[in-house]
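**Student:** Residue numbers (the working numbering): -17 to 240.
Backbone N, C-alpha and C fix where the C-beta goes; we use that ideal spot for every residue, glycine too.
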Ligand SMILES: [Fe+2]
C-alpha cells in the first residue's frame, strides 16, 4: 500500500462540518433511529461456512512487533500474541480499496451473497457509500482501545448488532481523559466501571449505533456460552443525512452523555 492510501483511510471522513465538533462534543454513542437491520435468512449458514479465526497478518504503529517478537512478549509477559491467538472470528463482506488489511480475511461478495442486508445498509445508513463491511464475533474479552483509523471527537464508528444472545449488553465505552488523549493506546480493564457506558439496543426498535472513537475508548465483555456477531462498517458519510439522522436519533434515544 502506498503512503497516500494509508492517509486516505485515516482522513476519509475528516471533512465533517466544523460545527459538529461542538454540537456532538463528547457524546459516547447514539442509537440510530432506523428500523432494525435484518440479515438474509441464510445468514447463519453463511456465517457457519465462512467465518474464520481473526489473527493479525502484519504489524501496525500500535502493535509494531514481528511474529517472533510477539511470541517472545507473550512468553515473558502473557500479553496476547495477536498473530496466533484470535480475539475474534469473522468474515469480510465488502472490501474497498485502502480498507484495513491487518487481519486474516475470509472474503465473501456481500452484496451478492447477502443482498437483503446490503440493501438495508445502503438505504438506511446516512452514507454516500460503504467502503468496508465485516462481521466479527469476539471470542474473548476485548481490552479497552480505540480503533486505529478514523478517530474523531463525535460518534462516527458504525456497528450493527446482527446477533446477540447475551443476557446483558457486553459492548462498552469508557471516557479517555483529555490529558491522556494523545498517549492513550489500550489497557485490559477500565479504571472505573461506574464511568463506563454499555450500549444496550435490546429495548429499542433499532440494532444500529454509532460510537465516538476518540473521546471514548471501547471494549467488550465475553460471557461464557453466549456470543454476538457485530457488523462493523466503514463508509463515506453524507454529512447532511448524518446530521438529520443523528439529531432525530438523539431526540428519540438520547445522547448518553455522562
Ligand atoms: Fe475496536
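State the Cα-Cα distance for the pair residue 181 and residue 140, rounded to the nearest angstrom.
**Tutor:** Roughly 13 angstroms between the two C-alpha positions.
**Student:** Residue 96: which of 150, 26 and 81 sits nearest, CA to CA?
**Tutor:** The shortest C-alpha separation from residue 96 is found at 26.
**Student:** If you reduce the DSSP assignment to three classes, tell me which class residue 32 lands in.
**Tutor:** It is helical.
**Student:** From this set, 99, 62, 77 and 67, which residue's C-alpha is nearest residue 169's C-alpha?
**Tutor:** With distances taken between Cα atoms, residue 169 lies closest to 62.
**Student:** My output table needs one value for residue 57: the three-state DSSP class, helix, strand or coil.
**Tutor:** Reduced to three states, the DSSP call for residue 57 is helix.
**Student:** Pick out whichever of 152, 177, 127 and 176 has its Cα sitting closest to the Cα of residue 163.
**Tutor:** Per the Cα distances, 127.
**Student:** Tell whether a beta-carbon distance below 9 angstroms holds between residue 151 and residue 10.
**Tutor:** Not closer than 9 angstroms, so no.
**Student:** What first and last residue would you give for the alpha helix (DSSP H) that runs through residue 229?
**Tutor:** Counting along the chain, the alpha helix (DSSP H) containing residue 229 begins and ends at 221 to 235.
**Student:** Roughly how many angstroms separate the alpha carbons of residue -14 and residue 129, rounded to a whole number?
**Tutor:** Note that residue -14 scores a pLDDT of 43, beneath 50, so its modelled location is shaky and nothing firm can be said.
**Student:** Quick one: grab the DSSP three-state call for residue 204.
**Tutor:** Coil.
**Student:** Across which residues does DSSP place residue 216 in a beta bridge pair?
**Tutor:** According to DSSP, which records beta bridges pairwise, residue 216 is partnered with 114.
**Student:** Please confirm if the segment 196 to 207 is in contact with the segment 76 to 92, defined as three or more CB-CB distances below 8 angstroms between the two stretches.
**Tutor:** The segment 196 to 207 is not in contact with the segment 76 to 92.
**Student:** Could one say the Cβ of residue 79 lies closer than 9 angstroms to chain D's Cβ atoms, at least one of them?
**Tutor:** Among the chains of the structure shown, chain D does not appear; only one protein chain is present.
**Student:** Less than 8 angstroms between C-beta atoms, sequence neighbours within five positions excluded: which residues of the same chain meet that for residue 33?
**Tutor:** So the list reads 71, 72, 73, 88, 117 and 119, once near-sequence residues are dropped.
**Student:** Does the Cβ of residue 211 lie closer than 8 angstroms to at least one heavy atom of ligand 3?
**Tutor:** Among the ligands in the structure shown, ligand 3 does not appear; only ligand 1 can be found there.
**Student:** By the three-class DSSP mapping on this structure, what secondary structure does residue 142 have?
**Tutor:** Residue 142 falls in the strand class under three-state DSSP.
**Student:** Among all the DSSP beta bridges, which residues are the ones paired with residue 11?
**Tutor:** Residue 11 is bridged to 193.
**Student:** Determine the extent of the alpha helix (DSSP H) in which residue 74 is found, giving its start and end residues.
**Tutor:** Per DSSP, residue 74 belongs to no alpha helix (DSSP H); it is in the beta strand (DSSP E), 70 to 77.
**Student:** Quick check on DSSP: helix, strand or coil for residue 238?
**Tutor:** The answer is coil: DSSP assigns residue 238 none of H, G, I, E or B.
**Student:** In whole angstroms, what separates the C-alpha of residue 146 from that of residue 106?
**Tutor:** If I take the Cα positions, the gap works out to 21 angstroms.
**Student:** Between residue 124 and ligand 1, is the CB less than 8 angstroms from at least one heavy atom?
**Tutor:** It does: the Cβ of residue 124 is within 8 angstroms (strictly closer) of some heavy atom of ligand 1.
**Student:** Less than 9 angstroms between the C-beta atoms of residue 68 and residue 121, yes or no?
**Tutor:** Yes.
**Student:** Among 7, 14, 8 and -6, which residue has its Cα nearest to the Cα of residue 226?
**Tutor:** The shortest Cα separation from residue 226 among 7, 14, 8 and -6 belongs to 14.
**Student:** Since residue 195 contacts residue 138 with CB under 8 angstroms, what's their CB separation in whole angstroms?
**Tutor:** Confirmed, about 7 angstroms.
**Student:** Could you tell me the distance, in whole angstroms, from the CA atom of residue 213 to the CA atom of residue 109?
**Tutor:** If I take the Cα positions, the gap works out to 16 angstroms.
**Student:** Can you check which of these residues, 99, 205 and 83, is closest to residue 23 by C-alpha distance?
**Tutor:** Measuring from the Cα of residue 23, the nearest candidate turns out to be 99.
**Student:** Could you tell me whether the Cβ atoms of residue 84 and residue 40 are closer together than 9 angstroms?
**Tutor:** In contact: residue 84 and residue 40 (Cβ atoms closer than 9 angstroms).
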